[in-house]
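Engineer: For the sequence shown, the residue numbers in my numbering are 17 to 88.
C-beta atoms are modelled at their ideal positions from N, C-alpha and C, and glycine is treated no differently.
Pasting in a structure now, in structure tokens, and then I'll have a few things to ask.
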Amino acid sequence: MNDVQAEKKHFTERHLTSLLREATDGDVSFAEYAVTDGEEFVHVVFANGYRKRVCVSGDSKKALARDVLRQL
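Below you can see the structure in the form of structure tokens.
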């Protein structure tokens, strides 16, 4: 994981998770950032166990947040 990806991981865990919890009144448990085969994803895990995978490859932090929110 390079520095940019590490920054996105930190942003997702610290800030995006809080935003998603607030925006969904607690329906989201957490969000996690992952790199698989060179592609970047955010996995949103809901309180009921459902997982949503959003591709965020090449996104800035702002675009990452926007793309995840659009997919919910």
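Below 8 Å between beta carbons: does that hold for V70 and V61?
Structural biologist: Result no, Cβ atoms of V70 and V61 do not sit closer than 8 Å.
Engineer: Leaving out five residues before and five after E55 in sequence, what residues of the same chain have Cβ atoms less than 8 Å from its Cβ?
Structural biologist: If we look at E55 and ignore the five residues flanking it on each side, its Cβ neighbours are C71, S73.
Engineer: Using 10 angstroms around the beta-carbon of Y49, count the other beta-carbons present and answer buried if the total reaches 16, otherwise exposed.
Structural biologist: The residue is buried, with at least 16 neighbouring Cβ atoms inside 10 Å.
Engineer: Suppose you measure from the CA of A79 to the CA of G42; what does that come to, to the nearest Å?
Structural biologist: Using only the alpha carbons, I get a separation of about 23 Å.
Engineer: Quick test of your reading: L88 and T33, contact by CB under 8 Å. State the CB separation rounded to the nearest angstrom.
Structural biologist: Not confirmed; about 13 Å, so no contact.
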